[in-house]
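So in UniProt numbering, spot 54 of the sequence shown is number 54, and the numbers just go up one at a time.
Ideal Cβ placement from N, Cα and C applies to all residues, glycine included.
Since the model is a prediction, treat every value here as computed from it, not as a measurement.
Data first, discussion second: the structure below is written as structure tokens.
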Amino acid sequence: MKSRLIGLTLGETLADPDTGEILFEKGTVIDKKVMGVLAPYLDRDDFKMEEHIPSDDAVVTKPMLVQRIMVQDPNDPEMCYQ
């Protein structure tokens, strides 16, 4: 996920899950400097993790944890996606 986020713009404010301290505001462009701070959080099991329950027709049908970071659509900054 780390390399895929480089060059994208955050669609949400990110905060430290332990302290609540804001790491980066919505609208921050993720460059190498930002990723240097963000990377240790992305390696954590408690940062932006959600349980995903696939449909019964999916290839993988067991629930799994996924990490979701909202980013702005590069073609339409008003739209955000995960």
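*asked:* Using only CA atoms, which one of L65, S3 and G7 lies nearest to R44?
replied: L65
*In whole angstroms, what is the alpha-carbon distance linking P54 and P17?*
26 angstroms
*asked:* For P63, which residues in the same chain have their Cβ closer than 6 angstroms to its Cβ, ignoring the five residues on either side in sequence?
replied: E51 and I53
*Proximity winner among K26, A15 and T19, relative to Y81 (alpha-carbon distances)*: K26
*Which runs of the alpha helix (DSSP H), 4 residues or longer, sit entirely within the segment 3 to 74?*
32 to 42
*Apply the 10 Å Cβ neighbour rule to I30 and answer buried if 16 or more other Cβ atoms are within range, or exposed otherwise.*
I30 is buried by the Cβ-count criterion.
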